[in-house]
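Numbered per my numbering, the sequence shown spans residues 131 to 566. Glycine is no exception: its CB is placed at the ideal position from the N, C-alpha and C atoms. Keep in mind that this is a model prediction, so the values were computed, not measured.
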Amino acid sequence: MSKYLPRLLLNRFYVSLVAINCWSCIFVESRWFWKSEARRRFAVILCDVILNLVSTLGLPLIIVLSYLDMYRTEVLEFDFSILGDEVWAAHLLNEAQMVVVVSWPDLLSRVVFSLGLVSSTSDVKDLLRSVNFDCHALRISGRFDEVQSEWSKFDKGTSWTLRILHCSALEVPPSFVEFHGLQQIEVYNSTIVDWSADSTISSTNHPEMVVLSVVRVNMTDGLLPLGLQSQEFPPGLRQINFCETNLKTLPDDLDSNWPSGAGIYMENNKLTEIPAALAHLRPVYLMARGNPITQLPSELFEGVLSYLTLGGTNLAELPQNVAEPSTALAYLDVTDTDIAFFWSWMEPLVEDMLGVMPLLAAGGTPYCSDLDAIMSGSSSKFTTPFETGQSTLLMNASVENWEYLLQAVDCSPSYGLALFPLEYWDVKYGTHDSEF
131 MSKYLPRLLL NRFYVSLVAI NCWSCIFVES RWFWKSEARR RFAVILCDVI LNLVSTLGLP
191 LIIVLSYLDM YRTEVLEFDF SILGDEVWAA HLLNEAQMVV VVSWPDLLSR VVFSLGLVSS
251 TSDVKDLLRS VNFDCHALRI SGRFDEVQSE WSKFDKGTSW TLRILHCSAL EVPPSFVEFH
311 GLQQIEVYNS TIVDWSADST ISSTNHPEMV VLSVVRVNMT DGLLPLGLQS QEFPPGLRQI
371 NFCETNLKTL PDDLDSNWPS GAGIYMENNK LTEIPAALAH LRPVYLMARG NPITQLPSEL
431 FEGVLSYLTL GGTNLAELPQ NVAEPSTALA YLDVTDTDIA FFWSWMEPLV EDMLGVMPLL
491 AAGGTPYCSD LDAIMSGSSS KFTTPFETGQ STLLMNASVE NWEYLLQAVD CSPSYGLALF
551 PLEYWDVKYG THDSEF
């Protein structure tokens, strides 16, 4: 450093940086930060960022600024009288080598320092932690006292994602309300024994909540836990996932608790119907494949729903009377159901999607079996007798209508029982990868 910086002040400045770097560890571990892990981690990252920034950009900036007032911007050069000063010119040439790249080793060293700055800056994300609370790895079942003990070991206020994994008897303690920064809650491969109203998800305690996922989970009696039914549910919740659970029914007042306008996955559960309360939530999409559903509310088709999947359910028909079908509906999946006909209210929705994509996915249904037979020439009509209220277009088997039917209905085989990425979750959160 002193080879290129003849000025004593600049050398002392750089030596001071080295000394500060050494003493910063003592500062971070001082009593100022003993009681707060979050502040201590913030101090570590802040020291790294400042020291890397000053060593990478600070010194070159000081050198440039020291010559700035000598540079004549109107003629884009230095005063020739100054250039005649051999001592000044020697200082300029030496110090310029601290600003510009002069060799490959110099370039490499600058890249290393710059990467250090990027690395320390990116560590800011670690201030908000993703917590994997893995009962299997901790060798606990998830009982109240066990959870309370483990959660007391870290700063809950700085956690932005909480994953509860492999708990065979999960009891959520009231300290759950201390996770004020939570944006995502994920419960996987667990049995919820108790999630009471004392530890509920609420806008007061979890104002930043965006995603709630409950996957491969058993709930007591197949009912939604009270902790997920708060009347002050976070209004910013945008995705709700319940997949591969024993959930049998949803509360009638769900629409007064959960926020409207979210995307909802309700796949491979035990629901026998979609309650009107769920329709009143006006979800932007609803994935309900794999449930033993036999009934649908007509309100479900009157909201802002754009995607609706009902494949693998026990449906035999869609609601007959839909007063104002939503023009937002772009995809309706009824594959592997018992649907053999469609009502006339669907015609405007089908026509909106003509030339874009088939509105209806109906592979594996009696309707598509009839349609295949009609187009192969082995039949001339649908097996279901035509009734008043049925679609005259979707139930028209004439040759002249085949082109319409091909654009309206996709009879390809279904793509599986769930759109939710179950396999990804199984690989990512399986017990062989568990760690806390």
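Residues of its chain near residue i, where Cβ-Cβ distance is below 6 Å and the 5 sequence neighbours each way are ignored
i: L549; result: M417
i: V341; result: Q314 and Q369
i: D382; result: A407
i: C498; result: A492 and C541
i: G441; result: R419, D463, T465, D466 and S544
i: L484; result: Q537
i: A470; result: P496, Y497 and T514
Rounded Cβ spacing between residue i and residue j (contact assumed at less than 8 Å)
i: S305; j: W290; result: S305 to W290, Cβ: 17 Å. No contact.
i: E403; j: I423; result: 6 Å
i: L238; j: F263; result: Between F263 and L238 the Cβ distance is about 43 Å, and since that is not below 8 Å, they are no contact.
i: L367; j: A392; result: 6 Å
Continuous alpha helix (DSSP H) stretch holding residue i: start and end
i: E553; result: L552 to Y559
i: L536; result: W532 to A538
i: C498; result: P496 to S506
i: H193; result: Residue 193 is actually Ile in this sequence, not His. Start and end: L189 to L198.
i: E432; result: No alpha helix (DSSP H) contains E432, which DSSP labels as neither H nor E.
C-alpha distance - residue i paired with residue j, whole-angstrom precision
i: Y534; j: D540; result: 11 Å
i: I504; j: W532; result: 9 Å
i: G352; j: T379; result: 7 Å
i: D328; j: P303; result: 8 Å
i: Q227; j: S233; result: 10 Å
i: G433; j: L191; result: 59 Å
i: V174; j: D236; result: 28 Å
i: G311; j: T186; result: 34 Å
i: S326; j: H336; result: 16 Å
i: V529; j: M349; result: 52 Å
i: V323; j: D556; result: 22 Å
i: V184; j: S332; result: 43 Å
i: G546; j: V414; result: 22 Å
Limits of the unbroken beta strand (DSSP E) element including residue i
i: V277; result: Unbroken run through V277 is the alpha helix (DSSP H), F274 to W281; no beta strand (DSSP E).
i: I294; result: S289 to L295
i: D351; result: Element bounds for D351: n/a, residue is neither H nor E.
Outcome for residue i when other beta-carbon atoms lying within 10 angstroms are tallied against a minimum of 16
i: F472; result: buried
i: V242; result: exposed
i: N319; result: buried
i: D466; result: buried
i: D563; result: For D563, the predicted structure reports a pLDDT of 44, less than 50, and the residue's modelled location is therefore unreliable. The matter cannot be settled from this model.
i: A149; result: exposed
i: L138; result: exposed
i: T439; result: buried
i: S343; result: buried
i: D502; result: exposed
i: I156; result: exposed
i: W153; result: exposed
Close beta carbons around residue i, own chain, < 8 Å, minus the five adjacent residues each side
i: E207; result: Y201
Cβ neighbours of residue i in the same chain (closer than 7 Å, five flanking residues each side left out)
i: I193; result: E225, M228 and V229
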